[in-house]
Structure formats: structure tokens, C-alpha cells
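Numbering (our numbering), first residue to last: 716 to 945.
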């Protein structure tokens, strides 16, 4: 099977194309299933933070080929406006490959930090307060239960969201290591009332957000790790 410069297969491109067509028709980024996020996560992993790679001719070619293979026959056109494609990329990459900022030694997701007026005083509490993502809130799903906000953990959409959380955890780990090579982080994926991904920086003499043992002598040299909380 032919691969293109962004290492996206034609099958994956069909998902991307459908997403772009919906965006063109509604001017809203409408994600219908977590599998679409996984495809775009794959895209985000292959390109730089800039969107320059998305404007290569190969990208237009693969979307054009995908359009021809869609049996439902979408009438939309391949987005060829750089600003439009850049907006879609920026919106989606905020979940998988977010921009981080350093504020007085605390690391935050930039897009989330701008929404908060007042921070908790404890740095780990502050980071966990801002740096978390509720996966089921990102897309339309059918995992609802009568006693909402709790969800059906056995539903296929919930399981997809849980697996998607693993992808996002891995992406955040890679991005944090790249942006802050001298710091160590913990990335958590937890099953609370929703699959939730969050992270904080590891600090000496600070108790981590989730510790099986109460250990205030936590070493700041602890390696980056992803912690799964079932």
C-alpha cells in the first residue's frame, strides 16, 4: 500500500477527509467517533508544531484519492485554504500535541491555562487542576447511563475512549520530554467517572498526585512515567 510524505495511508485519509468535509459544511470541528482522533493523533505525531508539512502537494493528493474511494459520495471539496486547514490542525493538536508554558516553574497546557483566573497554591495541585482532559467529553458517544454523569464502562465507546486516553498519555509524555528535557513528569490515565488524562511535574519533597504510599521524600529524579489507574 502506498504511503505518502506524512505516513498516512489512504484508509486513514478517508477518516480525515470525512472530518474535513464536515468542517467545510458546518464550519465546526465535528468529531463523531474516537477513531477519528486516533487517526489525527497519528498525523500529529508525524508533523512539526508548525503546519507547513500539511500544505505539501502529497497531502492534497492523498485527500483527493480518499475522496474518490468514499462510497457515500460526499459533495464537499478538499479544503485548499491554508488558514482553514491550519485551524483544524491547531484545534485537534491541542489534545494530542499541546503547547506547554512555564509559569514560575509550573508547567501548564497553554490553551487551558488561559481559561483560569485563580490557581491553587500547591504546584502539583495547580498543575493537575489545569492539565487534565476528560476523554468522553471530546466526542459524541453512546456510553450514557440513566444516572449521568456516570458512564457504562463496558460500552464499546467507553473502551475506545479508554484506549484513546492511552494514546494521548503517550503523546503528552513525548511532548513534555521534548519541551522540558531537564524535568520529570507523571502522566496519569484514570477511570473516575470518565477516562481522564492529567499530568504534573515531579518535585522533591512533594507528594505526587497519586501515591500508593504516603512518601514526602519523593525524588525529583524519578523518570517520566505513565501511570494507569484502573
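Ideal placement from N, C-alpha and C gives every residue a C-beta, glycine not left out.
Predicted model only: the values in this text are computed from it and were never measured.
If you drop the 5 nearest sequence neighbours on each side, which residues of the same chain put their C-beta closer than 6 angstroms to that of residue i?
| i | result |
| --- | --- |
| residue 877 | 910 |
| residue 916 | 822, 898 and 900 |
| residue 912 | 848, 880, 883, 884 and 904 |
| residue 921 | 839 |
Keeping to the same chain, check which residues put their C-beta closer than 8 angstroms to that of residue i; ignore five residues upstream and five downstream.
| i | result |
| --- | --- |
| residue 942 | 901, 902, 903, 904 and 925 |
| residue 894 | 815 |
| residue 831 | 844 and 845 |
| residue 944 | 903, 904, 905, 906 and 925 |
Can you list, in chain order, the residues of its chain with a C-beta nearer than 7 angstroms to that of residue i? Leave out the 5 residues immediately preceding and following it.
| i | result |
| --- | --- |
| residue 892 | 939 |
| residue 881 | 904 |
| residue 841 | 821, 834 and 835 |
What is the C-beta distance between residue i and residue j, in whole angstroms, given that I count them as a contact (C-beta under 8 angstroms)?
| i | j | result |
| --- | --- | --- |
| residue 923 | residue 845 | The pair is not a contact, with the Cβ atoms about 16 angstroms apart (cut-off 8 angstroms). |
| residue 826 | residue 809 | 5 angstroms |
| residue 812 | residue 888 | Contact flag wrong, Cβ pair sits at about 12 angstroms. |
Which term fits residue i, buried or exposed, when burial requires 16 or more other beta carbons within 10 angstroms of its beta carbon?
| i | result |
| --- | --- |
| residue 883 | buried |
| residue 908 | exposed |
| residue 875 | buried |
| residue 860 | exposed |
| residue 896 | exposed |
| residue 914 | buried |
- Query: Taking the runs of the beta strand (DSSP E) that are 3 residues or longer, which of them lie wholly in the stretch 839–925?
  - Reply: 847–849, 900–906 and 910–916
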